[in-house]
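Those sequence lines, one after another, are chains A and B. Mapped onto the working numbering, the consecutive letters of the first sequence carry residue numbers 22 to 193. Mapped onto the working numbering, the consecutive letters of the second sequence carry residue numbers 22 to 193. A virtual CB, placed ideally from N, CA and C, is assigned to each residue, including glycine. Everything numeric in this text was worked out from a predicted model, so none of it was measured. Notes follow the structure.
There are 2 protein chains.
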Amino acid sequence: MKRIFLLVALAAAAGIVAVTARASRRADQAAAPIFVTQIPSGYRDWILISVAHEEGNLHSLGAVLGNKVAIKAYREGKLPFPDGAIIAALHFQHVPSEENNKIFGRSQSFIAGPPTNVQFMVKDSTKYASTGGWGFGHFADGKPGAEALLKTCFPCHARAKASDLVFTHYAP
Amino acid sequence: MKRIFLLVALAAAAGIVAVTARASRRADQAAAPIFVTQIPSGYRDWILISVAHEEGNLHSLGAVLGNKVAIKAYREGKLPFPDGAIIAALHFQHVPSEENNKIFGRSQSFIAGPPTNVQFMVKDSTKYASTGGWGFGHFADGKPGAEALLKTCFPCHARAKASDLVFTHYAP
Chain A
22 MKRIFLLVAL
32 AAAAGIVAVT
42 ARASRRADQA
52 AAPIFVTQIP
62 SGYRDWILIS
72 VAHEEGNLHS
82 LGAVLGNKVA
92 IKAYREGKLP
102 FPDGAIIAAL
112 HFQHVPSEEN
122 NKIFGRSQSF
132 IAGPPTNVQF
142 MVKDSTKYAS
152 TGGWGFGHFA
162 DGKPGAEALL
172 KTCFPCHARA
182 KASDLVFTHY
192 AP
Chain B
22 MKRIFLLVAL
32 AAAAGIVAVT
42 ARASRRADQA
52 AAPIFVTQIP
62 SGYRDWILIS
72 VAHEEGNLHS
82 LGAVLGNKVA
92 IKAYREGKLP
102 FPDGAIIAAL
112 HFQHVPSEEN
122 NKIFGRSQSF
132 IAGPPTNVQF
142 MVKDSTKYAS
152 TGGWGFGHFA
162 DGKPGAEALL
172 KTCFPCHARA
182 KASDLVFTHY
192 AP
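Printed below as a string of structure tokens:
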């Protein structure tokens, strides 16, 4: 009888430990953002959402593309974006085109220079619950950005709450 | 006999007139450029070639897209572009984004404002032989541009002879 009691007590203790470990893992997941660590395949063939030019410290010319799920949501004006939507921002150095300026006879033309990075927002409301349902990714030369950089994505995008954390509007 | 001769003479004369008319029509066609008068269908879903920012009198932010034939030629680095290639340039007003600047806390963000025009280059080395094999098109609000405007396309593009009259390079 004593032996049985001991076994039950041990099993209960083990159960408590297991439950506690699971709960703590869940809390960690909720607290720590998960980032996009793989470049979504085929993104360079996606449909144009819009173009952007950032000055400040960036001097960047960009094209924002969307996969089919994202484009459908944009065109139908539906928010929030559904799971499966992916938005890609291709960034290039904003550089003058000497070639074009020579032909135009004046300095007026700026084009996409060397690529700087490609950034992604991947919608998965379960996986990325802790960052508004969006997973953020940044790749330069095919390599993912540092965690410190990736941690800056969500707080800034969170300010665009009215458009489901997405800055770029669809250009007709 | 006289009647037959008269008929033959009349037929011959008519033939000469017809031949002359055809020749003159051909000469006119060679001299007068033919423009693209219909918007190529589905162009908004085409693949991105690159982005561009024009100042001078334009203040324009643009996205250049290509159909499958054009994209294949770009990616394979093959010049001249084959017949069937179509390049679309979507132009928008280059405007500051008050929305983004507010979030960034500084004036740095420029986006695609109202659309200004969509321009096309359609490769058909027979039909557009008089303008380097390219047909030029310009549409604002869905309506084709005036002939006087369209006549300015070829002389300027002709200066980009090394890249088969195409200004835009493919952005990776």
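Comparing alpha-carbon positions, which option in the options lies nearest residue i?
i, options, result
"N138(A)", "G166(A), N121(A), G126(A) and I108(A)", "G166(A)"
"G158(B)", "A73(B), I68(B), K172(B) and P103(B)", "K172(B)"
"Q114(A)", "H74(A), F56(A) and N122(A)", "H74(A)"
"G156(B)", "G83(B), L186(B) and S62(B)", "L186(B)"
"S194(A)", "Y64(B), P54(B) and A181(B)", "Nothing about residue 194(A) can be reported from this structure: the residues present for chain A run from 22 to 193 only."
"G77(A)", "F141(B), R96(B), D104(B) and G126(B)", "G126(B)"
"D66(A)", "T147(A), L86(A) and F102(A)", "L86(A)"
"Y149(B)", "L79(B), D104(B) and S81(B)", "D104(B)"
"P101(B)", "H80(B), A169(B) and D145(B)", "D145(B)"
"P54(B)", "K99(B), A161(B), T147(B) and L79(B)", "T147(B)"
"G63(B)", "A179(B), F141(B) and A161(B)", "F141(B)"
"S184(B)", "G83(B), G98(B) and S81(B)", "G98(B)"
"S81(A)", "N88(A), R96(A) and H112(A)", "H112(A)"
"L79(A)", "N88(A), V116(A) and R96(A)", "V116(A)"
"A179(A)", "S128(A), N122(A) and S151(A)", "S151(A)"
Rounded C-beta distance between residue i and residue j? I'm assuming under 8 Å.
i, j, result
"G153(A)", "F175(A)", "7 Å"
"I124(A)", "C177(B)", "7 Å"
"A94(B)", "A109(B)", "That belief does not hold up - the Cβ atoms of A94(B) and A109(B) are roughly 15 Å apart, past 8 Å."
"G134(A)", "I60(A)", "G134(A) to I60(A), Cβ: 21 Å. No contact."
"V57(B)", "V143(B)", "5 Å"
"A84(B)", "A84(A)", "6 Å"
With which residues is residue i paired in a DSSP beta bridge?
i, result
"F69(B)", "Contrary to the premise, residue 69(B) reads as Leu rather than Phe in this sequence. Looking at the DSSP assignment, L69(B) forms a beta bridge with L86(B)."
"P117(A)", "F131(A)"
"H74(A)", "L82(A) and F131(B)"
"N138(B)", "H112(B)"
"V143(A)", "I107(A) and G156(A)"
"F56(A)", "F157(A)"
For residue i, is the beta carbon positioned less than 8 Å from some heavy atom of the ligand NAD?
i, result
"R65(A)", "The model depicted lacks the ligand NAD and carries no ligand whatsoever."
With three or more C-beta pairs closer than 8 Å as the rule, is the segment 174 to 192 of chain A touching the segment 67 to 86 of chain A? In this structure the segment 67 to 86 of chain A lies against the segment 174 to 192 of chain A, because at least three pairs of beta carbons, one per stretch, are closer than 8 Å.
Ignoring anything shorter than 4 residues, give me the alpha helix (DSSP H) runs that lie fully in the segment 158 to 192 of chain B, in order along the chain. Considered as a whole, the segment 158 to 192 of chain B harbours 168 to 171 and 174 to 178 as its complete alpha helix (DSSP H) runs of no fewer than 4 residues, in chain order.
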